[in-house]
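Single-structure report; data block below.
In this note's numbering, the protein residues as written are 0 to 451.
Structure (structure tokens):
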């Protein structure tokens, strides 16, 4: 049952139990204190009555009519509230009528309460002698009034306490309900976010902790929305670039590869015709052979350019270090005014084919952005093993490309090249961060390597 209760139900149930427990403890305390209280009151009344009787009967024999005086004293004292006084002879027989039960019509405490608080009456006998005739005044306690007062107090406190407890419970239930209202909004907003509505927001409210959670959820929704939008734009850009790349490759194959093939076919046909002749001219054969070699060389250059666009030439054959040195050398030759320093840690070791290609593309994209947008005069490229390891235990390579250019404008978003790099690195389990400041721009990536 407890597991099926909501948070509001659990808090309200605990609150009700605490209030009921507090009220019960208070009532039990009063019941436990009732016995000593009644007993102390009983003893006090008996003692006072006994002292009073002993004082007034001391001069009883000096009265004109001691018997009448004693009977009058017994009748007068019978009107006391908490005690009754009866006159008895030497044999214990009552000489005065019993005390009338004045509380017969009033509602007294229940029998179990009387037996629990004061089960037995207290009686004290004061001897009286008139002209040598023995007798006694018997003082009997009647704590019914005191017990009735205590019982009324307990009932009143139970009633008032119950009303107060109910009012407190309703107030606290209202307060708890208002405090937990943001939880419903949080659940509804999470459901909307789960459904893909990343523009959903929850109004912060309630306790400071819940308001902080609402704010964090709003930031999370905004971040998810931006990430999804970036992925959508990146996917569209990737499809567009793929189409453009295919068109360019198709155009180059049509404009360059086709004419070369046509020329090769023409020279091959000419050579075949010369071979069919009786005395082919050596000069003609040499001419067609030279043309064939020239066309084949042009085809090789064209093939190299296409392969360079599809995959860095020499990366697999020469390795990452020499491929990056070749890339830096090409940029230095085209931009001699910019100083490029490349540092690859000897402790890096083998990183794997996928990591090598990723590191190369990161450096290539970062250098392209530097020369296109930064206006820098110095670029520093550092590649070293990372101190931290990924969750699955693979070591990372840290790639840091920093320049002294103008950096990014406030609010400027990353280009599609870096966004694509970030998505690629995230797919490998790494990270890519771009930090822009007054001293320039720094691109830092952690690329998981194949090393364990």
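Here a beta-carbon is modelled for each residue, glycine too, at the ideal position from N, C-alpha and C.
Coarse secondary structure for residue i, derived from DSSP in three states
{"i": "residue 383", "result": "strand"}
{"i": "residue 92", "result": "coil"}
{"i": "residue 288", "result": "helix"}
{"i": "residue 64", "result": "coil"}
{"i": "residue 4", "result": "coil"}
{"i": "residue 231", "result": "helix"}
{"i": "residue 296", "result": "helix"}
{"i": "residue 114", "result": "helix"}
{"i": "residue 122", "result": "strand"}
{"i": "residue 147", "result": "helix"}
{"i": "residue 127", "result": "strand"}
{"i": "residue 101", "result": "Low local confidence applies: a pLDDT of 48 at residue 101 is under 50, so the model's placement there is unreliable, with the coordinate-based value given in what follows. Correct three-state label for residue 101: coil."}
{"i": "residue 325", "result": "helix"}
{"i": "residue 451", "result": "A caution first: residue 451 carries a pLDDT of 43, below 50, which makes its placement in the model unreliable, though a value can still be read off. Three-state DSSP puts residue 451 in coil, outside helix and strand."}
{"i": "residue 333", "result": "helix"}
{"i": "residue 56", "result": "coil"}
{"i": "residue 407", "result": "coil"}
{"i": "residue 214", "result": "helix"}
{"i": "residue 280", "result": "coil"}
{"i": "residue 35", "result": "helix"}
{"i": "residue 224", "result": "helix"}
{"i": "residue 419", "result": "helix"}
{"i": "residue 318", "result": "coil"}
Residues that DSSP places opposite residue i in a beta bridge
{"i": "residue 338", "result": "377"}
{"i": "residue 260", "result": "DSSP lists no partner for residue 260."}
{"i": "residue 440", "result": "435"}
{"i": "residue 85", "result": "137"}
{"i": "residue 445", "result": "397 and 430"}
{"i": "residue 402", "result": "378"}
Residues near residue i by beta carbon distance below 8 angstroms, same chain, minus five either side
{"i": "residue 330", "result": "337, 339, 366 and 370"}
{"i": "residue 353", "result": "427 and 449"}
{"i": "residue 45", "result": "82, 121, 123, 138 and 140"}
{"i": "residue 6", "result": "179 and 182"}
{"i": "residue 455", "result": "Residue 455 is absent from the model: the chain starts at 0 and stops at 451."}
{"i": "residue 161", "result": "22"}
{"i": "residue 157", "result": "22 and 26"}
{"i": "residue 280", "result": "273"}
Neighbourhood of residue i by C-beta, 6 angstroms cutoff - its chain only, sequence neighbours within 5 removed
{"i": "residue 205", "result": "178 and 181"}
{"i": "residue 124", "result": "135 and 137"}
{"i": "residue 192", "result": "199 and 220"}
{"i": "residue 172", "result": "11"}
{"i": "residue 164", "result": "18 and 22"}
{"i": "residue 142", "result": "37, 41 and 117"}
{"i": "residue 351", "result": "448 and 449"}
Through-space distance from residue j to residue i, alpha-carbon basis
{"i": "residue 228", "j": "residue 18", "result": "53 angstroms"}
{"i": "residue 427", "j": "residue 446", "result": "7 angstroms"}
{"i": "residue 29", "j": "residue 69", "result": "41 angstroms"}
{"i": "residue 395", "j": "residue 384", "result": "6 angstroms"}
{"i": "residue 199", "j": "residue 3", "result": "29 angstroms"}
{"i": "residue 189", "j": "residue 220", "result": "9 angstroms"}
{"i": "residue 345", "j": "residue 267", "result": "53 angstroms"}
{"i": "residue 217", "j": "residue 230", "result": "20 angstroms"}
{"i": "residue 363", "j": "residue 225", "result": "26 angstroms"}
{"i": "residue 257", "j": "residue 294", "result": "11 angstroms"}
{"i": "residue 518", "j": "residue 402", "result": "What is shown of the chain runs 0 to 451, which leaves residue 518 out entirely."}
{"i": "residue 319", "j": "residue 359", "result": "7 angstroms"}
{"i": "residue 25", "j": "residue 31", "result": "10 angstroms"}
{"i": "residue 291", "j": "residue 272", "result": "15 angstroms"}
{"i": "residue 148", "j": "residue 27", "result": "16 angstroms"}
{"i": "residue 101", "j": "residue 84", "result": "In this predicted model, residue 101 has a pLDDT of only 48, less than 50, meaning its place in the structure is not dependable; the value taken from the coordinates is given anyway. Cα to Cα, residue 101 sits roughly 15 angstroms from residue 84."}
{"i": "residue 289", "j": "residue 259", "result": "14 angstroms"}
{"i": "residue 284", "j": "residue 269", "result": "9 angstroms"}
{"i": "residue 55", "j": "residue 71", "result": "12 angstroms"}
{"i": "residue 264", "j": "residue 332", "result": "38 angstroms"}
Own chain, CB closer than 7 angstroms to residue i, minus 5 neighbours either side, in chain order
{"i": "residue 203", "result": "210, 213 and 214"}
{"i": "residue 154", "result": "none"}
{"i": "residue 389", "result": "Only weak support exists for where residue 389 lies, its pLDDT of 48 falling under 50; the value from the coordinates is given anyway. So the qualifying residues of the chain are 395, 428 and 447."}
{"i": "residue 424", "result": "357, 430, 431, 444 and 446"}
Problem set entry | Secondary structure, alpha helix (DSSP H): runs of 4+ residues fully inside the stretch 153-207 | 180-193
For this session: Write down every uninterrupted run of the beta strand (DSSP E) in the stretch 338-366 whose length is 3 residues or greater and which is fully enclosed by it, in chain order.
Result: 338-343
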